[in-house]
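Novice: Note that the numbering used here numbers the sequence shown so that position 102 is 103, with each residue one more than the last.
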Amino acid sequence: MDESIGDFARQVLRTESAAVARMIDAIDDRFEQAVRMVLQCPGAVLVAGVGKAGLVARKVSATFSSTGTPSHFLSPAEAVHGDVGSIRRGDLVLMLSYSGETDEILRMLSIVKKLEHPVIAMTRGDNSTLSRHADVVLRLGKIDEACPLGLAPSASTTAMLALGDALALTVMKLRNFSAEDFALFHPAGQLGRRLIKVSEAMTFRAGVNLPVASDRLTVAQVLREVSRIKRRSGAVILVDPTGRLSGLFTDGDLRRLLTDGDASVLNRPIAQVMTRDPKRISGDALASEAMAILKKHRIDELPVVDENQRPVGLIDIQDLVVLRMLDVEATNET
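#1: Would you call the segment 83 to 95 and the segment 199 to 213 in contact, with 3 or more CB pairs under 8 Å?
#2: Between M161 and V57, is the Cβ-Cβ spacing less than 8 Å?
#3: Could you have a look at E117 and say whether DSSP puts it in helix, strand or coil?
#4: Identify every run of the alpha helix (DSSP H) within the segment 245 to 304, keeping only runs that are complete inside it and at least 4 residues long; order them along the chain.
#5: Quick one, are the C-beta atoms of S179 and D216 less than 8 Å apart?
#6: Verify whether the separation of the beta carbon atoms of T124 and V138 is less than 8 Å.
#7: Return helix, strand or coil for K53, following the three-state DSSP convention.
#8: Thinking just about the alpha-carbon of each residue, which of D252, D104 and P312 is nearest to the one in V209?
#9: Taking 8 Å as the threshold (C-beta atoms), are A45 and P71 in contact?
#10: For M2, is the classification buried or exposed, using 16 other Cβ atoms within 10 angstroms of its Cβ as the cut-off for buried?
#11: On a CA-only basis, which of R23, D317 and I121 is nearest L141? Give me that one, please.
#12: Which of the three DSSP states is assigned to L152 in this structure?
#13: In this structure, what does DSSP give as the bridge partners for K198?
#14: Given that a residue counts as buried once 16 or more other Cβ atoms are within 10 Å of its Cβ, and exposed if not, what is H118?
#15: Just to confirm, are L287 and I197 a CB contact at a threshold of 8 Å?
#16: Just how far apart, CA to CA, sit R225 and T219?
#17: Decide if P242 is buried, meaning its Cβ has at least 16 other Cβ atoms within 10 Å, or exposed.
#18: Using 10 angstroms around the beta-carbon of L164, count the other beta-carbons present and answer buried if the total reaches 16, otherwise exposed.
#19: Based on Cα-Cα distance, which residue from L47, V81 and V306 lies nearest to G91?
#20: Taking L249 and L258 to be in contact with their CB atoms under 8 Å, please state how far apart those CB atoms are, rounded to whole angstroms.
#21: Measuring CA to CA, which of A147, S62 and Q12 is closest to D166?
#22: I need the DSSP call for A135, collapsed to helix, strand or coil.
Shown next as structure tokens:
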């Protein structure tokens with residue numbers, strides 16, 4: 002590798018990481034005031050910026066939206082041509098501009114202040130036009146760009162993004178935004194799939210389409226019980242006289258039982274041929290945990306039980322294939 006290339010690339014990263022590290026100094030009383038303004042905002046947080054700061058604004062807005070704070074990006078250029086009408090009573094405006102003198106930002110600021118919306122500014126310091134008219138200023142301080150000409154926004158926008166994340170995620174923490182909330186906001190993709198519960202993923206449910214039979218019956222009697230269900234799983238759940246899970250009998254078990262052609266095996270008690278004390282899981286557990294158990298023990302079906310060990314359903318490998326759980330890292334292997 003040409004060391005001149007590597008040296009400059011490393012210098013870029015050092016410059017940008019140093020800019021982010023300096024944002025720790027921006028976590029002061031003003032930052033707390035901004036956090037509380039967002040928390041108390043009855044409307045949405047509208048995030049505005051132009052150029053590279055506009056791209057950062059879009060990402061900060063997306064982070065707010067996905068972590069429990071209603072938000073959307075508002076283009077300053079479009080705002081002064083009618084889109085300011087999308088601002089509603091109770092909304093708060095977060096404006097991003099390193100210089101604090103961006104023309105489109107200032108024109109939008111004038112309208113927003115006339116409408117009496119609170120404004121949080123993220124900018125270099127206290128002396129710009131944006132700073133003087135904002136309710137709260139989050140100061141970035143002087144930042145040397147990583148660009149070899151010192152011109153292209155680079156370290157400044159990286160720092161802006163980091164401070165925006167700090168604001169959005171601090172609000173998220175104070176809202177007590179939970180993993181369950183996160184799953185609700187992210188139903189697609191690996192992040193959401195990792196948080197899906199077994200009770201949400203399972204197709205087969207007791208009393209609906211899952212055969213549950215007494216472990217006191219014969220194989221033939223159990224099969225007659227199963228035949229009454231049109232669309233069923235590839236397994237029968239067996240319960241003891243108290244209704245608690247005691248065994249599992251699969252289609253594979255039946256095939257193995259009939260391999261020698263002796264039909265008399267159908268008269269044997271199911272308790273003699275079922276899998277006793279099978280692996281099981283709670284409906285409140287994560288689907289990724291079910292996936293871990295299926296993989297570890299090389300099984301295709303997993304009974305789902307309540308707190309009293311009574312069956313409420315069954316999750317099988319196909320349920321997880323449909324959810325594309327095969328590539329989701331399990332959170333707990335049992």
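Ideal placement from N, C-alpha and C gives every residue a C-beta, glycine not left out.
Specialist: Taking the definition as stated:
#1: no
#2: Cβ atoms of M161 and V57: closer than 8 Å.
#3: Of the three classes helix, strand and coil, the one that applies to E117 here is coil, per DSSP.
#4: 252 to 258, 271 to 274 and 288 to 298
#5: no
#6: Yes, Cβ-Cβ distance for T124 and V138 is below 8 Å.
#7: helix
#8: P312
#9: Annotated as proximal: P71 and A45, with beta-carbon spacing under 8 Å.
#10: exposed
#11: R23
#12: coil
#13: Paired residues: L287.
#14: buried
#15: yes
#16: In this model, R225 and T219 are separated by some 10 Å (Cα to Cα).
#17: exposed
#18: L164 sits buried, since 16 or more C-beta atoms from the chains shown fall within 10 Å of its C-beta.
#19: L47
#20: Going by Cβ atoms, the distance from L249 to L258 rounds to 14 Å, so no, they are not a contact pair.
#21: S62
#22: coil
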